[in-house]
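Residue numbers (the working numbering), protein chains in the order written: chain H, 1 to 420; chain Y, 1 to 420; chain D, 1 to 420. Heads up, the beta-carbon is just placed ideally off N, CA and C, and yes, glycines get one too.
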Amino acid sequence: MTPETAFVLNTFSLLLWGTLVMWMCAGFTMLESGSVRSKNASVICMKNVGAYATTAIVFYVVGYNMMYSGVDPGGWIGSPILLYGATGAERALLGGDGAATAAVVDNGRAAMADWLFQMVFVGSVASIVSGTLAERVKLHSFLLFIAILAAFIYPAVGSWTWGGGWLSAMGFRDLAGSTVVHSTGGWAALAAVLVVGSRRGKFRPDGSVRQTPPNNVPMVTLGAFIVWMGFLAFNAGSHTGLTGAADAVALSNIVANSTLAGAAGAVAAVCLSRWVLGRVDLFASLNGGIGGLVAIAAAPDIPTHLWAVAIGGIGGVLCLLGIRLLERLKIDDEVGAIPAHLGAGLWGTLAVCIDGGGDPFVQALGMAAIGGFAFGASLLAWLAIDFAMGCRISETAERLGQDAVLGIETFPEFLRHEDE
Amino acid sequence: MTPETAFVLNTFSLLLWGTLVMWMCAGFTMLESGSVRSKNASVICMKNVGAYATTAIVFYVVGYNMMYSGVDPGGWIGSPILLYGATGAERALLGGDGAATAAVVDNGRAAMADWLFQMVFVGSVASIVSGTLAERVKLHSFLLFIAILAAFIYPAVGSWTWGGGWLSAMGFRDLAGSTVVHSTGGWAALAAVLVVGSRRGKFRPDGSVRQTPPNNVPMVTLGAFIVWMGFLAFNAGSHTGLTGAADAVALSNIVANSTLAGAAGAVAAVCLSRWVLGRVDLFASLNGGIGGLVAIAAAPDIPTHLWAVAIGGIGGVLCLLGIRLLERLKIDDEVGAIPAHLGAGLWGTLAVCIDGGGDPFVQALGMAAIGGFAFGASLLAWLAIDFAMGCRISETAERLGQDAVLGIETFPEFLRHEDE
Amino acid sequence: MTPETAFVLNTFSLLLWGTLVMWMCAGFTMLESGSVRSKNASVICMKNVGAYATTAIVFYVVGYNMMYSGVDPGGWIGSPILLYGATGAERALLGGDGAATAAVVDNGRAAMADWLFQMVFVGSVASIVSGTLAERVKLHSFLLFIAILAAFIYPAVGSWTWGGGWLSAMGFRDLAGSTVVHSTGGWAALAAVLVVGSRRGKFRPDGSVRQTPPNNVPMVTLGAFIVWMGFLAFNAGSHTGLTGAADAVALSNIVANSTLAGAAGAVAAVCLSRWVLGRVDLFASLNGGIGGLVAIAAAPDIPTHLWAVAIGGIGGVLCLLGIRLLERLKIDDEVGAIPAHLGAGLWGTLAVCIDGGGDPFVQALGMAAIGGFAFGASLLAWLAIDFAMGCRISETAERLGQDAVLGIETFPEFLRHEDE
């Protein structure tokens, strides 16, 4: 394969997987929108559409450069240059200057293909935060936080790792983002929920939990299927090369391991749900599958597939136990995003050491540093937002539902929520 | 890269993007079906499934040849040969005649891969018309028009441009169909609505608008996400080559620019909706995103990404303003398809001149010629259909809902519409 | 194209198509979940999620090896080796041993890419059985059967054909599984329904049919669109090579023929539904489209596209007639899975002989042998399951709905089914 053919395949692969990862935003939207009470389901759609669009713009204007441009080897952050774009050599090549080909090909892949793939990852991080905060966060406050997340918090963490910064120099391994993407999202969500607080009535005075029923179970299931499918692309695309047989084999192992880990997570969580909840629980299986996929994301190219099953299964179990733990701690995470992404993400980052080979100390250091920073920076951001504009809807809006307040009822022919 | 490898990649790329564009038909169906009142939602599904199937058959039997086969350089129409298919050289190659390889490879891509990609574009055009006419058009009349559209109206326009006809010879540029696909669909929808008329009660005697609530907002959102995803494939696949580094870079810019334009359209429309409608409007963002994607379709390979943001943002704004304008004109476009596809499509065709380089006079001429023809031919077709078989359901059917009349209730357990 | 480039493209193609086929599981879930009464819709989701996860694990642990590993030429079954995985040469290559490249490339495609593609096929077989048994089968009994199906019944049939066994040696042709996948699923579903029985009240004492309305028609439509899209990948990926111009042409013909056959099936079934049912029936078109796609699956690379239209159209007609036939026979197939997959699958397997070239005797023998085995083995399995643990929910559970019993209401805010 010539270097140019390799460049073409690398780029094409990244674009196709990236397009499927973009589709995960739809999955997270359906999952969250179907999980809430119908009086808030339309606003969930608005939040997620807004978060996706905001992420795209902000990550283009400032985020990508903060993450990847001019990160010193071992450094802490990229450059605050505005507007990422095709390289000079790429523009020359498109302008007809064939001599630029060598310089273009030398980059391995086209600049904007990489931008797309990285951007849709930030979209996933935003979806995690959205899921936790459902039914009580102010739309504008949420979108402002997403802008900060996409412009600074996520790019900082990314620059340490995938951008070639200090954690990368120490040998921290996280192929597809168990920590970089999922734990970061989970920590941000945890910080957010501490500031925003629980939904009114979620915890009774005696400490017991008042479950709110999902308004549309098949929609939640559809969302989970979309997310599962997107994860195959998420993990596959993270192996950014497609230049020879070794790459093709690695890619195949990644997709197969991800499939197995997701299935194992779903099965393990369902089996546990029989014991913990006393019933075969659909949501346990859906979240468990996501937990399994998050857990395998750090090392989806693990050589032994049976380990993928084990890592995914444990991810699913952690996800279900995490939901229980949060309820004990009176932390209200509507869709279970924190257990699925933070809990399983931490486990997956450690699990790299099992068979893929990673230094447990470095992995733990990375988890702690990224966790500390993502949680701390998010907490500061949320406190500032709360101070400046408030982050929580009014009690009336919460009782009536955000849809009524924003004037977009989800199923206007079916239910009226005026006085609940 | 050998010519044969290039042929393989060109074809494979076209098939994958084409498969994702086919998926847009599901998106338009969900968007339209979720937007109407539930008494008509099932018939919307039937209309769209029927339009997709009709398009596939008709474009195979006659449409593709009318658009691409034997168009004279600078000509006005292709050949009315029946049945498109694999070329003779392709059939020889599959039959084991290795000597045919050179002739096959010389075509650049496999014949039926191109057929697929072009066919799913016609499916999009059909969806546009469907969206505008929701809740009052006769199913059979609609499908007959779609057959005429796929057999003749769209192929004629296509032959002038992508088929190598007179507009192409003048240098008209429209890479992924802002005018060829979207404006054509919008003009056809406009002609249709003038003949079919508004839904009863849509405009009150005093001229004010009676909004009909969508029956399922998350379904509309899902549909919009599907359409957004499909647009990435729509624009990417329109750059039909994948034969070297320049193609890979162009493809990356196209997908990135499309993503940015869609996001900008959504953001701009939402910001405007706060001002125009007094609220943050989900439908403005969904339609605005589509408007942005339509606007960028004419030149998604534009070199400066910031222009993509601007073009998309303006597309989103035009979409929202267009909805308002149509209401003033008492034109009832149920899902806002005309503003999103015609309004933003015209803008995008002009915007080619900004940074991509296009002759404003030629672009304007193309817009006028295609608009005049698509509108005129569609108007004639609809008048003929109305004369021959009527194009509008009975007053009773409209009051009861088309679902009841056709015997397929959308949510039979939830609502009865018998006497509304 | 070098052998290594061919290996890369073969593998990449298989992974992408396989990812889209995995997505069909979501489609079948939505189709089935939307088709039942809402009191059972959540359990349908659980059943399908469980079937997908079970299939992935079981086909990894034992199924794939039973189907493909060490099948004697002309043999009857593979090896009961546990755990499939990357080959030794692949592991050596990933470990840095460049000398292993030749052995890896010699396999044509990466091992786990093939595993993924085959596994998602078994997922489709499981979905077929699920669809037929909706609303009365015990969840655990169903999942146990799926495990047996994925571990033994499907792999046996597969080893005779795609695994290189005795039917393959005789020249049996079934490129994408009209018989291997779809008829096998249909026979298994038929055996299952004979043991499990009809839903209570489905057939009135006078023999007439009491139709149960679907709870969500647009969801059914979405599911069908997903399945249609997945079928393009299903049939395309079955042409496992992408190594030159001939492959690219064949792939294009496959995708185009599949599109045409699906469209023809939908159109033919709708036209027939006007005559048979007295109305234009949406479900006829959705099932007819699936029937057309199933029918073309045996020979989607048929050279004459018009035959694809005819084969698909007849598939659609058979699907609708089959639904009628089953009702006459008092066999309760909730979503029409048996006609769509078994009826159209048998027809498609015979239709191979028309233009693609196949020996009618061998095709008929294959259909009979696979049918006899799949039906017989499934019947035994279901009888054993029924004996050991029962296969049918209680009368109370059936009346109240499985959702209430399992504690996951589909639309808890909208309907209560307690006393129906």
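Proximal residues to Ala377/Y (C-beta, below 7 Å), its chain only, five neighbours per side dropped: So the list reads Ile153, once near-sequence residues are dropped.
Beta-carbon gap between Ile338/D and Gly322/D smaller than 8 Å: Yes, Cβ-Cβ distance for Ile338/D and Gly322/D is below 8 Å.
Inter-residue spacing [alpha-carbon to alpha-carbon] between Phe145/Y and Ala381/Y: 7 Å
Touch test, the segment 292-311 of chain D against the segment 328-338 of chain D, Cβ-Cβ under 8 Å, three pairs minimum: no
Assumed close pair Ser183/Y, Gly371/Y - CB separation to whole angstroms, cut-off 8 Å: Indeed, because the Cβ distance is near 6 Å, the residues count as touching under 8 Å.
CB contact below 8 Å: Asn253/H versus chain D: The beta carbon of Asn253/H falls within 8 Å of a beta carbon belonging to chain D, placing the residue at that interface.
Helix, strand or coil at Arg399/Y [DSSP, three-state]: helix
Proximal residues of chain H, C-beta to C-beta of Leu9/Y below 9 Å: Here the neighbours are Thr5, Val8, Leu9 and Phe12.
Closest by C-alpha distance to Gly108/D, when choosing among Thr5/D, Ile254/D and Ser252/D: Thr5/D
Contact list for Pro303/D against chain Y, beta-carbon separation under 9 Å: Contacts between Pro303/D and chain Y, judged by CB atoms closer than 9 Å, involve Gly85, Ala86, Arg91, Leu94 and Gly95 in chain order.
The segment 240-248 of chain D contacting the segment 275-294 of chain D, beta-carbon criterion three pairs below 8 Å: no
Close Cβ partners of Arg199/H (< 6 Å) along its chain, the five nearest in sequence each way excluded: Glu135, Arg136 and Asp332
Residue-level contact to chain D via CB, Pro213/H, 8 Å cutoff: At least one CB atom of chain D sits nearer than 8 Å to the CB of Pro213/H.
Ordered list of alpha helix (DSSP H) runs contained in the segment 86-165 of chain D, each at least 4 residues: DSSP runs (the alpha helix (DSSP H)) wholly in the segment 86-165 of chain D: 88-94, 101-106, 111-132, 139-148 and 154-160.
The segment 114-122 of chain D in contact with the segment 50-70 of chain D per 3-pair CB rule at 8 Å: With a cut-off of 8 Å on Cβ pairs, the segment 114-122 of chain D is in contact with the segment 50-70 of chain D, counting three or more such pairs.
Arg392/H in three-state terms, based on DSSP: strand
Contact check, Trp76/H vs Gly165/H, beta carbons under 8 Å: yes
Contact set for Ala191/D: own chain, Cβ-Cβ below 7 Å, skip 5 residues either direction: Counting only Cβ-Cβ distances below 7 Å, and skipping sequence neighbours, we find Phe375, Ser378, Leu379 and Trp382.
Touch test, the segment 148-163 of chain Y against the segment 400-416 of chain Y, Cβ-Cβ under 8 Å, three pairs minimum: no
contact_flag[the segment 224-242 of chain Y, the segment 227-247 of chain D] where n(CB pairs < 8 Å) is 3 or more: no
Residues, ordered as in the chain, of the segment 189-218 of chain D that lie near chain B by beta-carbon distance below 8 Å: Within the model displayed, chain B is absent; protein chains H, Y and D are what it includes.
Proximity of Ala26/Y and Ala266/D at Cβ, strictly below 8 Å: Not a contact, by the Cβ cut-off of 8 Å.
For Phe203/H: DSSP bridge partner residues: Val209/H.
Under 8 Å from the C-beta of Arg324/H: neighbouring residues of chain D: Under the 8 Å cutoff, chain D gives no residues; its nearest Cβ is about 17 Å from Arg324/H.
8 Å CB neighbourhood of Glu418/H in its chain, flanking five on each side removed: Confidence at Glu418/H is low in this model, with a pLDDT of 43, below 50, so its placement is unreliable and the value that follows should be read with caution. Leu400 and Ala404, listed in sequence order.
8 Å Cβ cutoff, Thr221/Y in contact with chain H: yes
Cβ-Cβ separation, Ala176/Y to Leu149/Y (assumed contact under 8 Å), whole Å: 19 Å between Cβ atoms; not a contact.
Minimum Cβ-Cβ distance from Trp228/D to chain H less than 8 Å: Closer than 8 Å: no.
Through-space distance from Leu94/H to Pro80/H, alpha-carbon basis: Rounded to whole angstroms, Pro80/H and Leu94/H show a C-alpha spacing of 27 Å.
8 Å Cβ cutoff, Asp240/H in contact with chain Y: The sequence shown places Thr at residue 240/H, not Asp. No, its Cβ sits nowhere closer than 8 Å to a Cβ of chain Y.
Nearest-angstrom Cβ-Cβ length linking Gly366/H and Thr349/H, presumed shorter than 8 Å: 7 Å
Residue closest to Arg392/Y, alpha-carbon to alpha-carbon, out of Leu143/Y, Tyr68/Y, Leu16/Y and Thr19/Y: Leu143/Y
Three-state secondary structure (DSSP) of Lys454/Y: Nothing about residue 454/Y can be reported from this structure: the residues present for chain Y run from 1 to 420 only.
7 Å Cβ shell around Gly262/H - same chain, five flanking residues per side excluded: Around Gly262/H: Trp228, Phe231, Gly289, Gly292, Leu293 and Gly312.
Beta carbon proximity, Ser127/Y to chain H, threshold 8 Å: no
Minimum length 4: unbroken alpha helix (DSSP H) runs contained in the segment 276-338 of chain H: Listed in chain order, they are 282-296 and 305-328.
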